[in-house]
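The structure appears right after this line, and notes come after that.
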Amino acid sequence: MWYVIFIQKGSLQDTFNVIIKVGVKDFWNIHLYPNIHPFDPLAWKILVIYSAFELAIMKWIPGKVFKATPTATGHVPTYNANGVQCYFISIVALFACKYFDFFNPAIIYDMLGKLLGSIVLFAVFFCMFLSVKGLYFPSTKDCGTNGSLIVDYFWGTELYPRIMGWDVKQFTNCRFGMMYWQLGILCYAFKQYDLYGYVSSSMLISIVVQTAYIFKFFYWETGYFCSMDIQHDRAGWYICWGCLCWVPSVYTLHTIYLVEHPMLPSPLLTMILIVAGMVCVWINFDCDRQKQNFRLTSGKEKIWGKDAEYIVASYTTEDGVKRTSLLLTNGWWGLSRHIHYIPEILASVFWCVPLQSDHYLPYFYPVYLTILLFDRAWRDDARCAAKYGRAWDEYCEKVPYKVIPGVI
Ligand code: NDP
Numbered sequence: 000m001w002y003v004i005f006i007q008k009g010s011l012q013d014t015f016n017v018i019i020k021v022g023v024k025d026f027w028n029i030h031l032y033p034n035i036h037p038f039d040p041l042a043w044k045i046l047v048i049y050s051a052f053e054l055a056i057m058k059w060i061p062g063k064v065f066k067a068t069p070t071a072t073g074h075v076p077t078y079n080a081n082g083v084q085c086y087f088i089s090i091v092a093l094f095a096c097k098y099f100d101f102f103n104p105a106i107i108y109d110m111l112g113k114l115l116g117s118i119v120l121f122a123v124f125f126c127m128f129l130s131v132k133g134l135y136f137p138s139t140k141d142c143g144t145n146g147s148l149i150v151d152y153f154w155g156t157e158l159y160p161r162i163m164g165w166d167v168k169q170f171t172n173c174r175f176g177m178m179y180w181q182l183g184i185l186c187y188a189f190k191q192y193d194l195y196g197y198v199s200s201s202m203l204i205s206i207v208v209q210t211a212y213i214f215k216f217f218y219w220e221t222g223y224f225c226s227m228d229i230q231h232d233r234a235g236w237y238i239c240w241g242c243l244c245w246v247p248s249v250y251t252l253h254t255i256y257l258v259e260h261p262m263l264p265s266p267l268l269t270m271i272l273i274v275a276g277m278v279c280v281w282i283n284f285d286c287d288r289q290k291q292n293f294r295l296t297s298g299k300e301k302i303w304g305k306d307a308e309y310i311v312a313s314y315t316t317e318d319g320v321k322r323t324s325l326l327l328t329n330g331w332w333g334l335s336r337h338i339h340y341i342p343e344i345l346a347s348v349f350w351c352v353p354l355q356s357d358h359y360l361p362y363f364y365p366v367y368l369t370i371l372l373f374d375r376a377w378r379d380d381a382r383c384a385a386k387y388g389r390a391w392d393e394y395c396e397k398v399p400y401k402v403i404p405g406v407i
């Protein structure tokens, strides 16, 4: 992806032609490896400083104590909920680096191949360490082998690993991956400014809508602690490598492309795309907020001005304790069981529309996200059906559509 976007300006066809012409070995040795190898001291320095900074503020910036949903073994994951504070501190720190001439954020764009090469290498070994940790010195009882070394590595062996008090998934998913998404796109805008002396309106649309989305993520971070990534997916290659490597590269791909392809949509179109994107981000947020507040108030939250309607679903944890959860069946959650995925996908379409590219790859993210979220809707339904049994069937009868109301 790095080669296609940076060297072939998005063209898979031209990339393919080069590989055919020079052969895979020379393509790797001459064209790729020198640009993405993981042995550049500056790349490691940047990664170490960034990670250390995020780890430090994650631990020491005060926040409210948040207790997430108890696990099957009765463990209650507890977090320092300081996402918004850390989000703003990180952005201010980036601008301060530029202002005080300590570091030019545009370097991130120039160094991206080597930064990604380094983090990919690190993450491969880090996930090995996590697999071993979950088997031999786990942090909680939600751990154990999946029956095969490969699945243990891929899926992970532990649900809530902590290292020296740091929650691993809060760091990899939120404070490394999602935070990079925000800081990375700002760095790319700095690069465009360095190149052309202005930030294009296409870059502006993309950054404003994504910033709204990422801010929403940190504002709602405690809700994320109760989502599938955290409650269900173990800390393995799938989620940790994904958040350390895949999020920083693929989720910012379209903005990387925009740096050297500054488009100038009219002011009217710019406004329309920004507003449409922000509306989608808001609907996605409102869906998550409605469900979260409904659960926090034990069903007392008013839903679109009416009393909440819900199903009381009971389940038994592995240690034999009977518990109940409430499943909301009106408001957004009465329209379909994963209604929040629709505005999420549409927002990504709006922040990619300004690309106006003839190539497919820059549009990869919305296509990938659609596949990811539809797959997730199936996975989440299967998980909830196993957890709640009859109560989930009742919920599915009341809210029959999985994602798109009236269609599927
Ligand atoms: P959800 O917020 O959809 O959480 C799913 C869990 O919520 C279920 O497992 C269940 O957990 C509970 N639940 C399900 N239905 C109800 C209901 N009717 N009432 C109350 N609780 C219910 O998780 P996701 O992680 O899929 O999504 C969270 C956000 O993250 C969304 O905004 C999504 O769009 C976004 N997202 C973005 C991705 C990206 O890569 N950009 C990837 C994935 C998600 P329980 O066991 O507690 O009952």
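Everything in the sequence shown is counted per numbering that gives the first Met the number 0, starting at 0 for the first residue and increasing by one.
Glycine included, each C-beta is placed from N, C-alpha and C at the ideal position.
Note that this is a predicted model, so its numbers are computed, not measured.
Within a Cβ cutoff of 8 Å, which residues of the same chain sit near Ile213, ignoring the five residues on either side of it in sequence? So the qualifying residues of the chain are Tyr86, Met177, Trp180, Gln181.
With distances taken Cα to Cα, identify the nearest neighbour of Val402 among Asp379, Val246, Lys386. Closest by C-alpha distance to Val402, out of Asp379, Val246, Lys386, is Asp379.
May I ask you to check if the CB of Met277 is nearer than 7 Å to at least one heavy atom of ligand 3? This structure does not include ligand 3; its bound ligands are ligand 1.
Gln291 to Asn28, Cα distance in whole Å? The straight-line gap from Cα to Cα measures roughly 51 Å.
Boundaries of the beta strand (DSSP E) in which Ser130 is found, first to last residue: Segment 111–135 is the alpha helix (DSSP H) holding Ser130; no beta strand (DSSP E) there.
Same chain only: Cβ atoms within 8 Å of Leu115, ignoring 5 sequence neighbours per side: So the qualifying residues of the chain are Trp1, Ile35, Cys244, Pro247, Ser248.
Proximal residues to Ile407 (C-beta, below 8 Å), its chain only, five neighbours per side dropped: Once the five neighbours on either side are set aside, the close Cβ partners of Ile407 are Tyr400, Lys401.
Who pairs with Glu452 in a beta bridge, going by DSSP? There is simply no residue 452 to check, as the chain begins at 0 and stops at 407 in what is shown.
Going by CA-CA distance only, name the one from Gly143, Gly73, Ile184, Pro264 that's closest to Ala234. When only C-alpha atoms are compared, the closest one is Gly143.
Going by DSSP, name the residue or residues bridged to Ala312. Bridge partners of Ala312: Ser324.
In whole angstroms, give me the CA-to-CA distance for Trp332 and Asp141. Distance between the alpha carbons of Trp332 and Asp141 is about 29 Å.
Option in Cys96, Cys351, Ile344 with minimal Cα separation from Ile45: When only C-alpha atoms are compared, the closest one is Cys96.
Under 7 Å: does the beta carbon of Asn283 sit that close to some heavy atom of ligand 1? For ligand 1, at least one heavy atom lies less than 7 Å from the Cβ of Asn283.
Counted within 10 angstroms of its Cβ, other Cβ atoms place Tyr78 as buried (16 or more) or exposed: Flag for Tyr78 reads buried.
Span separating the alpha-carbon of Ser117 from that of Asp39: Cα atoms of Ser117 and Asp39: separation of roughly 8 Å, rounded to the nearest angstrom.
Segments of 4+ residues assigned as alpha helix (DSSP H) that fall wholly inside the stretch 30–57: With a minimum length of 4 residues, the continuous alpha helix (DSSP H) runs that stay inside the stretch 30–57 are 32–35.
Look up Trp485 in the DSSP assignment and say whether it is helix, strand or coil. Because the chain in this structure spans residues 0 to 407, residue 485 falls outside the shown range and cannot be described.
Can you say whether Tyr340 is buried or exposed, counting buried as having 16 or more other CB atoms within 10 angstroms of its CB? Label assigned to Tyr340: buried.
So, Thr328 versus Val398, is the Cβ gap smaller than 8 Å? Taking the C-beta atoms as reference points, Val398 is found nearer than 8 Å to Thr328.
Does any heavy atom of ligand 1 sit closer than 7 Å to the C-beta of Thr68? Yes - ligand 1 has a heavy atom lying nearer than 7 Å to the Cβ of Thr68.
Span separating the alpha-carbon of Asp166 from that of Pro160: Distance between the alpha carbons of Asp166 and Pro160: 6 Å.
Closer than 7 Å: is that where the CB of Cys383 sits relative to any heavy atom of ligand 1? Checking the Cβ of Cys383 against ligand 1 gives yes.
Please list the segments of the beta strand (DSSP E) lying wholly inside the stretch 158–227, counting only runs of 3 or more residues, in order along the chain. The DSSP assignment places no complete beta strand (DSSP E) segment of no fewer than 3 residues inside the stretch 158–227.
Here's the rule I'm using: 16 or more other beta-carbon atoms within 10 Å means buried, otherwise exposed. How should Glu343 be labelled? With 16 or more Cβ atoms within 10 Å of its Cβ, Glu343 is classed as buried.
So what does Lys66 bridge to, in DSSP terms? Bridge partners of Lys66 according to DSSP: Thr77.
Quick one: is Phe349 near chain B, going by C-beta distance under 8 Å? Reference to chain B is not applicable here, since this structure consists of a single protein chain.
Between Trp240 and Val278, what straight-line distance do the alpha-carbon atoms span, to the nearest angstrom? Straight through space, the alpha carbons of Val278 and Trp240 are spaced by roughly 31 Å.
If you compare alpha carbons, which of Pro266, Thr251, Leu360 is closest to Tyr188? Correcting the residue type first, residue 188 is Ala in the shown sequence and not Tyr. Closest by C-alpha distance to Ala188, out of Pro266, Thr251, Leu360, is Thr251.
Excluding the 5 residues preceding and the 5 following Ile18 in the sequence, name in chain order all residues of the same chain whose CB lies nearer than 8 Å to its CB. Excluding residues within five positions, the ones whose Cβ falls inside 8 Å are Phe26.
Look at the Cβ atom of Cys186, then the Cβ atom of Ile107, and state whether they are nearer than 8 Å. Between Cys186 and Ile107, the gap from beta carbon to beta carbon is short of 8 Å.
Distance check for Ala122 and Trp154, CA to CA, integer angstroms please. For Trp154 and Ala122, the distance between alpha carbons rounds to 14 Å.
Counting along the chain, where does the alpha helix (DSSP H) carrying Tyr394 start and finish? Membership of Tyr394 in the alpha helix (DSSP H) is indicated by the continuous run 389–397.
Name the residue from Asp151, Ile370, Leu326 whose alpha carbon lies nearest to the alpha carbon of Glu396. When only C-alpha atoms are compared, the closest one is Leu326.
Ignore the nearest five residues each way along the sequence and tell me which others in Arg382's own chain have a CB closer than 6 Å to its CB. Counting only Cβ-Cβ distances below 6 Å, and skipping sequence neighbours, we find His231.
Can Ala390 and Ser313 be called in contact, C-beta distance under 8 Å? When the beta-carbon positions are compared, Ala390 and Ser313 come within less than 8 Å of each other.
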